Every structure is written in C-alpha cells, then in structure tokens.
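> One structure follows; several queries about it will come next.
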Amino acid sequence: MNIKTNAEGQIFHTLLMRVFMAGALAILIASASTMSFAAGSDSGSSDSSGYSTAGTNNSKELREAIKLINRNLFEAALVPLALETMQNPKNADAWNYTGFALRKSGRYDESMAAYDKALALDPEHEGALEYQGELFLTLKQPDKAKENLAKLKQQCSFNCKERDDLMRAINAYNAANK
C-alpha cells in the first residue's frame, strides 16, 4: 500500500495506526474472555445492546464488529469496520456502526463524518438517523436531533425502535437541561 505524504495520507496513516492498536487490544481482550463468551457467541443472537449478529447479508467483518460492539469494545470494533468500509465503501450499515463505535469512543467529529456518509448512501437509514440524533444531543444540538426525529416519524409507522429510542433520548435530554 502506498501511503500518501499529503495531509489526507497522514490522516489515513493515523487512523490505520489507531485501528491496528485497537485490533491488538481486541485480540488480547477477546482471548482473555473467550471462556465467558463462548456459549452462543456465534448464535446470531443479540445481547442487552440489541445489536443482532444475524443477517445473511452481513459480512464476516461486520458480524465481528457487532460482536465487539455488544461487548462495549468500541475502539476494537473499528478494526473490522475499517476493513468493511474499505472493501464495501457503499455499505451504509457499516458506516452507521462506524459512527456508533466512534461516538461511543468519544470521537465525535469522526462519528459525525461516518453518519453523514451512511446518510449520503441511504438518506432514510433509520439507525443512522437515530444515532446521529443522539450525537446531536451529546453535542448540545437538540434542534438537529429533533429534525432527525421528524424524519423518523415521517418514514416509520408501527414498531419503530429507532424513532422511539431517539424520542426517549430527546425527552431525557430535555428533562436534564431544564
């Protein structure tokens, strides 16, 4: 791989190094915790986070990232997500999960860029609208979060988890910021 010497290349190199370090950490953590997660780890079920690893269209990298996210290993999840977004740059789900993992890692600017990419690929991506709305709340931009909620209300009808979760987050934000 030829790393560019310009600013874009330096940013890519920095991100690649972060991803490598997070991957090494993930391997150490995963190998230390294999016993506790062995039962049902490939079952396609979801844990309390609600992210299912099932899905016939999900790549190996995306399934691995979701497993790491379910274990709250957000930095480590960026390793398979980086591979997925490089191999499949038009995968809105991968960009959405990248935004989520970055947001949970406190990397808000990068998170916003990932959500923007997911929504550029799929403007009605319910997960990206919800999570970007939650990022807006973190950034103290509730009006933008409400715009995302309005989009979700328009496109969701029954049993819309993303709409309901963002509505709860906005209500909690409003209650905490009276």
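Residues -38 to -1, 1 to 140 in mature numbering (1 follows the signal peptide of the UniProt record, and there is no 0) are what the sequence shown lists, from first letter to last. From the three backbone atoms N, C-alpha and C, an ideal C-beta is built for every residue, glycine too. Only a predicted model underlies this, so the values are computations on that prediction, with no experimental measurement involved.
Spatial neighbours of K79 within its chain, please: CB distance less than 6 Å, with the 5 preceding and 5 following residues excluded, ordered by chain position.
By the criterion of a C-beta distance shorter than 6 Å, K79 is surrounded in its chain by W57, once the five residues flanking it on both sides are discounted.
> Thinking just about the alpha-carbon of each residue, which of R125, E26, S119, C118 is nearest to the one in Y93?
R125
> Enumerate in chain order the residues of its own chain whose CB-to-CB distance from L101 is below 7 Å, with the five nearest sequence positions on each side excluded.
Y70
> Under a Cβ-count criterion, where at least 16 other Cβ atoms within 10 Å of its own Cβ denotes burial, should E26 be classed as buried or exposed?
Buried.
> Keeping to the same chain, check which residues put their C-beta closer than 7 Å to that of A138; ignore five residues upstream and five downstream.
none
> Roughly how far, in whole angstroms, is the beta-carbon of L24 from the beta-carbon of K52, given that I think they are within contact range, below 8 Å?
Not confirmed; about 13 Å, so no contact.
> Looking at the secondary structure, which residues open and close the alpha helix (DSSP H) in which N136 lies?
123 to 138
> When DSSP labels each residue in this structure, what does F120 get in the three-state scheme?
Assignment of F120 by DSSP, reduced to helix, strand and coil, places it in the coil class.
> Does the beta-carbon distance from L35 to T60 come in below 8 Å?
No. Outside cutoff.
> With burial defined as no fewer than 16 other Cβ atoms inside 10 Å of the residue's Cβ, what is the status of R130: buried or exposed?
exposed
> For A90, which residues of its own chain have a beta-carbon under 6 Å away from its beta-carbon, when the five flanking residues on both sides are left out?
N58, Y77, A80, L81
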